[in-house]
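Some notes on the structure that comes next.
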Amino acid sequence: MSSFLITGGAGFIGSHLADALLKNGQRVMVLDDLSSGSISNLAQVRSEERLEIVPESIHNRGVLAEMVDRADVIFHLAARVGVFNIIESPVETIMNNIGGTEVVLKAAQKKRKTVIVASTSEVYGKSEAVPFREDGDLTLGPSARSRWSYAASKLVDEFLALAYWREFRVPTVVVRLFNTIGPRQIGRYGMVAPRFVTQALSGQDLTVYGTGRQSRCFTYVSDVVEWLLLLASEPRAIGGVFNLGNPREITIEDLARRVIAVCDAKVGIRYIPYEQAYEEGFEDMERRVPDISKVVELTGYAPRVGLDEALLRIRQWMETERVLERSARFKYTHA
Ligand code: UDP
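Below is the structure:
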């Protein structure tokens, strides 16, 4: 049995990762400040003896160091994510993401623990070299647009992780996550899939920002988790950067149509200008498609869950967990 520390383990991806590790008979420590994650995400495994939940910030260095010491592998997922977070609290987002990764890497340095660092497809910025390869150039917009600060902060995380490997031989792996979706993801900070499903199930028109012709590639969370587990036990992954995503592309407008169909909803689509949804001068990325040949070659794993199946599981989760009833304010505003 090995011990895994998941920072952000009460969050959307972290809690699914905890489920999978526990199912595989491993020991799991969760460090999460519960700012966007929730203990309820771990409800199904809470009585498990091999699970330890510590509701603390990674900035509590004493707690973090002690947990890192007891871990064989660290998955560093704790971060401020979501476009709304970045626009509303840019300082907090930048400092938390860079500072958080730094303390985790520093703690791992002592005994050279393996760290899997979560980055994001956002680092490709406005690159038009579709599909994006890990060794391709990154094209961020100007610093005056706060959206790009998220990509910049995650890019610093990537540089730091790779530098800790080069300079101090701390085994690190960087993963760039492409729009992961599934149950337990919430729409409060912007994520489009849970927002659309919430709107469809509550009889509201789906709010598509911009023309709706921008596209994304949505990956079901279990496919991401599978890759994370495989990369963590693969020595050849160390010092590498990997795209984790499902290359199947869909426009946001078509996503809205699929959500309406999967939810059997009698609602329409409402188009909202970016300035109204986010902020003046907001820049979106038109396309974001991963080249996943690197991770597929190394792990032998390719995504298995299709988009309709993913949307259906989100719908079922929202219905069985009564997510809409429990959320005090589920009407998203765009004022
Ligand atoms: N989006 C939308 N309606 C929403 C939320 C998002 O049309 O209620 C759009 C958003 O402008 C973007 C896409 O959906 O073009 C994906 O947005 P998300 O915030 O989920 O992820 P990211 O922009 O980081 O890919």
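My numbering numbers the first residue of the sequence shown as 1 and each following residue consecutively.
Quick reminder that beta carbons are idealized off the backbone N, C-alpha and C, glycines included.
Whether residue i touches residue j by CB criterion (8 Å)
{"i": "Val-28", "j": "Leu-22", "result": "yes"}
{"i": "Gly-190", "j": "Val-83", "result": "yes"}
{"i": "Ala-18", "j": "Leu-42", "result": "yes"}
{"i": "Asn-96", "j": "Ala-79", "result": "yes"}
{"i": "Gln-204", "j": "Pro-194", "result": "no"}
{"i": "Gly-11", "j": "Ile-58", "result": "no"}
{"i": "Asp-284", "j": "Tyr-271", "result": "no"}
{"i": "Glu-158", "j": "Val-170", "result": "no"}
{"i": "Val-123", "j": "Leu-155", "result": "yes"}
{"i": "Arg-236", "j": "Leu-298", "result": "yes"}
{"i": "Trp-317", "j": "Gly-239", "result": "no"}
{"i": "Asn-243", "j": "Lys-294", "result": "yes"}
{"i": "Pro-303", "j": "Pro-131", "result": "no"}
{"i": "Ala-71", "j": "Phe-168", "result": "no"}
{"i": "Val-267", "j": "Gln-199", "result": "yes"}
{"i": "Glu-234", "j": "Tyr-301", "result": "no"}
For residue i, the three-state DSSP class (helix, strand or coil)
{"i": "Ile-186", "result": "coil"}
{"i": "Gly-99", "result": "helix"}
{"i": "Leu-140", "result": "coil"}
{"i": "Ser-2", "result": "coil"}
{"i": "Ala-118", "result": "strand"}
{"i": "Arg-27", "result": "strand"}
{"i": "Leu-312", "result": "helix"}
{"i": "Thr-211", "result": "coil"}
{"i": "Pro-131", "result": "coil"}
{"i": "Ala-335", "result": "The predicted model places Ala-335 with a pLDDT of 42, which falls under 50 and marks its position as unreliable, so this point remains unresolved."}
{"i": "Ile-74", "result": "strand"}
{"i": "Arg-216", "result": "strand"}
{"i": "Asn-243", "result": "strand"}
{"i": "Ile-53", "result": "strand"}
{"i": "Pro-90", "result": "helix"}
{"i": "Leu-298", "result": "helix"}
{"i": "Arg-61", "result": "helix"}
{"i": "Glu-286", "result": "coil"}
{"i": "Arg-145", "result": "coil"}
8 Å CB neighbourhood of residue i in its chain, flanking five on each side removed
{"i": "Ile-250", "result": "Ser-215, Arg-216, Cys-217, Phe-218, Arg-258 and Leu-307"}
{"i": "Gly-125", "result": "Leu-138, Thr-139, Leu-140, Gly-141, Trp-148, Ala-151 and Met-285"}
{"i": "Ile-39", "result": "Ala-10, Arg-46, Ile-53 and Pro-55"}
{"i": "Leu-201", "result": "Cys-263, Ala-265, Arg-315, Met-318, Glu-319 and Leu-324"}
{"i": "Gln-26", "result": "Met-1, Ser-2, Ser-3, Phe-4 and Arg-50"}
{"i": "Ala-129", "result": "Gly-136 and Asp-137"}
{"i": "Glu-143", "result": "Note on identity: in this sequence residue 143 is Ser, with Glu being the wrong assignment. Hits under 8 Å: Ser-149 and Ala-152."}
{"i": "Glu-253", "result": "Val-208, Thr-211, Gly-212, Arg-213 and Ile-269"}
Nonlocal neighbours in the same chain, by C-beta distance under 7 Å from residue i, ignoring five residues either side
{"i": "Val-262", "result": "Asp-308, Leu-311, Leu-312 and Arg-315"}
{"i": "Gly-281", "result": "Arg-145"}
{"i": "Leu-229", "result": "Ala-20"}
{"i": "Ile-86", "result": "Thr-93, Ser-146, Arg-147, Ser-149 and Tyr-150"}
{"i": "Arg-112", "result": "Arg-169, Val-170 and Pro-171"}
Alpha carbon of residue i to alpha carbon of residue j, nearest angstrom
{"i": "Ile-94", "j": "Ser-153", "result": "6 Å"}
{"i": "Ala-151", "j": "Thr-120", "result": "7 Å"}
{"i": "Gly-14", "j": "Asp-135", "result": "27 Å"}
{"i": "Thr-114", "j": "Gly-9", "result": "17 Å"}
{"i": "Val-103", "j": "Asp-69", "result": "13 Å"}
{"i": "Lys-106", "j": "Gly-37", "result": "24 Å"}
{"i": "Arg-288", "j": "Leu-34", "result": "30 Å"}
{"i": "Asn-24", "j": "Met-1", "result": "9 Å"}
{"i": "Val-197", "j": "Thr-180", "result": "15 Å"}
{"i": "Arg-248", "j": "Val-296", "result": "15 Å"}
{"i": "Glu-88", "j": "Val-81", "result": "12 Å"}
{"i": "Arg-322", "j": "Asp-32", "result": "24 Å"}
Residues near residue i by beta carbon distance below 6 Å, same chain, minus five either side
{"i": "Tyr-220", "result": "Gly-182, Val-305 and Ala-310"}
{"i": "Ile-53", "result": "Val-30"}
{"i": "Ala-335", "result": "Bear in mind that a pLDDT of 42 at Ala-335, under 50, signals an unreliable position, so the number given afterwards is only what the model happens to contain. The answer is none, since no qualifying residue turns up."}
{"i": "Val-241", "result": "Glu-134 and Val-174"}
Whole-number beta carbon distance between residue j and residue i, since they are thought to touch under 8 Å
{"i": "Ile-74", "j": "Ala-108", "result": "6 Å"}
{"i": "Ile-292", "j": "Leu-206", "result": "About 28 Å separates the two Cβ atoms, so there is no contact after all."}
{"i": "Tyr-209", "j": "Ala-277", "result": "4 Å"}
{"i": "Leu-177", "j": "Val-224", "result": "6 Å"}
{"i": "Leu-77", "j": "Thr-7", "result": "6 Å"}
Cβ-heavy atom distance, residue i to the ligand NAP, below 7 Å
{"i": "Asn-179", "result": "Judged by which ligands are present, the ligand NAP is missing from the structure shown, whose ligands are the ligand UDP."}
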